Amino acid sequence: MIKQAKPGKETFGLIIGTRAYFNAELAVDVRKTLLEELEKAGYGYVILDECDTPTGGSMETMEDGKKCASLFRAHRDEIDGIIVSLPNFGFEVGIINAISRAELNVPVLVQACDDQNDKVDLDSRRDAFCGKISVCNNLYQYGIPFTDTTLHTYSIHSDLLMKDIHKFAAICRVVRKLTHARIGQIGTRPLGFNTCRYSEKLLQASGITVVPVDMSEIIFNARKIDNQAAALKAKMEEISHYAKVPEAYQEKLALQAKFGLAVEEWIQANEVDAAAIQCWDSLEQNYGCAACVTMSMLGEKLIPCACETDVAGAVSMYALSLASGRPAALSDWNNNFAEDRNKCVCTHCGNFPKSFAMSDLKLGPLGVLGRTLGKVNTFGAVYAKCTEGDFTFFRISTDDTLGCIKSYLGKGELTNDPYGMDGCIAVTKVDNLQKLMKYICKNGFEHHVAMVRTDVVDILQEAIDSYLGWDLYVHE
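Position 11 of the sequence shown, counting from 1, maps to 48 under the working numbering, and the rest follow consecutively.
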């Protein structure tokens, strides 16, 4: 039985467990409820038909498991994760055979149903509380990582069911897309940025492919665009609607739009999911504009773009966007905030997506680089001050010395505190900030951090700890 997911929604392989000693009708009721809830939320599913097993499509014997595994294998390209639901104790043999023989290597969620104190006679009792432990023990023995629910058991009619499934869907999205990600590297690392070194091979070991291109190719393609091209006029209009363009820089708009088109065309042609761009100073010296607004607009379209060819930063941004479904930003941990040691200023020249700043954007020249390269050659920086709200911060780093990918994760608040600096500004408050800064410095992390405006700590922590296998520090 196959149900197609709505666009942007995940598809799950479903396993309903049961055991001969228990009333199989309990499993039939749970199956019906689970399918209804998934359909209402737009998720797709793959599940045995009711006629495929003696217990109405539920899983019990090894033969049941083999049938389910065969079905799952036939739809491996569609299935993002597996949900195991235990209406009663469930027979571990059928369940573990289904998952292990399918060999999908996707996240697994294990959910079990409550008993009711007044319904524990032989026809009504479930014992799923105990059965879940047995199923999880089998998954552990077989080396199959899995995700637990908020509570050990709860009613299939509880609001927790869909909360857990929504969270699990985000975990599946992070795992599946990160382990098949294509990260564009546009240009080489700026000379003064040893901090942006990374290991392409360590990323590839996690399924992340780096797709490089020389900046000269992008510049060449930008210059080829005809001044009368409809696509160019549309891009100029798009930029003008996206951010305020000062009158003094109107003549630079076409140059900026051509660069944006060239980058977007390359990203599309190479199926790139996120990118890191050599945003200075070759572009300014050899072409005459900054990359910031192009990066900001791509980020708004959920194609994160990191500054200064920070490929690991682009991966960090992409992870946050996958977990949240929202645009991510890359920033420097940049300034103390007076003597408040739990506040700091995060800033970049800047590339913040519009919905991350949640304020009006203005375009202008780069601040620091504008002094040395000339304001006319550095137009395209985004000026914005973030409004208040919650945020999650995240950073990965490829550690060649240790031979691993390491990361840190946490959350904080964006504040409305004023700060008189140009570019993209976010005044942040993070509990125990000094402890975090010590961890970052002692463990050799970069000065860049990725941020998103919502709390996805639990989602990324589960994706990394259970499935990606990266070293992770969760800041509290």
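For each residue, glycine too, the CB sits at the ideal point set by N, CA and C. Predicted, not measured: the structure shown is a model, and the values here were computed from it.
Cutoff 6 angstroms; reference residue i; Cβ partners in own chain excluding five residues on either side
i	result
His112	Val83
Phe166	Thr190
Ala139	Ala106, Phe109 and Arg110
Phe430	Gly447, Val486 and Met488
Arg213	Asp117
Ala149	Leu123, Ala165, Lys169 and Thr190
Val493	Ala360, Ser361 and Thr429
Lys200	none
Leu406	Trp317 and Thr415
Val145	Ile119 and Phe183
Sheet register partners of residue i (DSSP bridge)
i	result
Leu367	Ala487
Val83	Ile39 and Gly50
Cys381	Asn373 and Thr465
Leu509	Ser444
Tyr420	Lys399
Pro182	DSSP, once it has assigned bridges, lists no residue as partnering Pro182.
Val145	Ile119
Cys342	Ala312
Pro91	Per DSSP, none; premise fails for Pro91.
Thr246	Arg219
Lys281	Lys399
Met96	Gly54
Neighbourhood of residue i by C-beta distance below 8 angstroms, restricted to the same chain and skipping five residues each side
i	result
Leu197	Thr186, Thr187, Leu188 and Tyr191
Gln498	Leu446, Leu509 and Val511
Ser171	Phe126, Gly127 and Glu129
Gln222	Val247, Val248, Pro249, Val250, Ala312, Ala313, Thr346 and Val348
Lys238	none
First through last residue of the alpha helix (DSSP H) which encompasses residue i
i	result
Lys475	Leu470 to Lys479
Ser392	Lys391 to Ala394
Phe128	Note, Phe128: premise wrong, no alpha helix (DSSP H); not H, not E.
Trp303	Leu290 to Ala306
Ala5	The structure shown does not extend to residue 5, since the chain spans only 38 to 513, so no value can be given for it.
Glu140	Unbroken run through Glu140: none, as it is neither H nor E.
Val330	Cys329 to Glu337
Ser253	Met252 to Lys261
Ser319	Ser319 to Asn323
Thr187	Here Thr187 belongs to no alpha helix (DSSP H), and DSSP marks it neither H nor E.
Val494	Val494 to Glu499
Arg408	Val405 to Leu410
Exposure label - residue i; buried when at least 16 CB within 10 Å
i	result
Cys326	buried
His217	exposed
Cys88	exposed
Glu345	buried
Glu425	exposed
Ile53	buried
Glu376	exposed
Phe482	buried
Arg432	buried
Asn264	exposed
Ala267	exposed
Glu288	exposed
Met354	buried
Tyr235	buried
Cys478	exposed
Ile39	exposed
Lys380	buried
Ser396	exposed
Leu228	exposed
Lys43	exposed
Leu159	exposed
Asp458	It should be pointed out that residue 458 corresponds to Met in this sequence rather than to Asp. Met458 should be labelled exposed.
Run of the beta strand (DSSP E) containing residue i, from where it starts to where it stops
i	result
Lys448	Cys441 to Leu451
Phe230	It is not in any beta strand (DSSP E) - Phe230 carries neither H nor E in the DSSP assignment.
Phe430	Gly426 to Asp436
Gly221	Arg219 to Ile223
CB-CB length for residue i against residue j, believed under 8 angstroms
i	j	result
Ala313	Ala351	4 angstroms
Trp370	Cys383	6 angstroms
Cys209	Val143	7 angstroms
Ala349	Leu357	Wrong, their Cβ atoms sit about 13 angstroms apart, outside the cutoff.
Phe126	Gly168	3 angstroms
Ile462	Lys422	5 angstroms
Lys399	Lys270	Not quite, the Cβ-Cβ distance comes to about 22 angstroms (not below 8 angstroms), so this is no contact.
Chain C contact for residue i (CB, 8 angstroms cutoff)
i	result
Ser195	Structure shown: chain C not included; a single protein chain is present.
Any non-hydrogen atom of the ligand ADP within 7 angstroms of residue i CB
i	result
Lys295	Looking at this structure, you won't find the ligand ADP or any other ligand, since it has none at all.
Contact set for residue i: own chain, Cβ-Cβ below 7 angstroms, skip 5 residues either direction
i	result
Thr515	Outside the displayed span of the chain (38 to 513) sits residue 515, for which this structure offers no information.
Gly79	Ala42, Lys43 and Lys46
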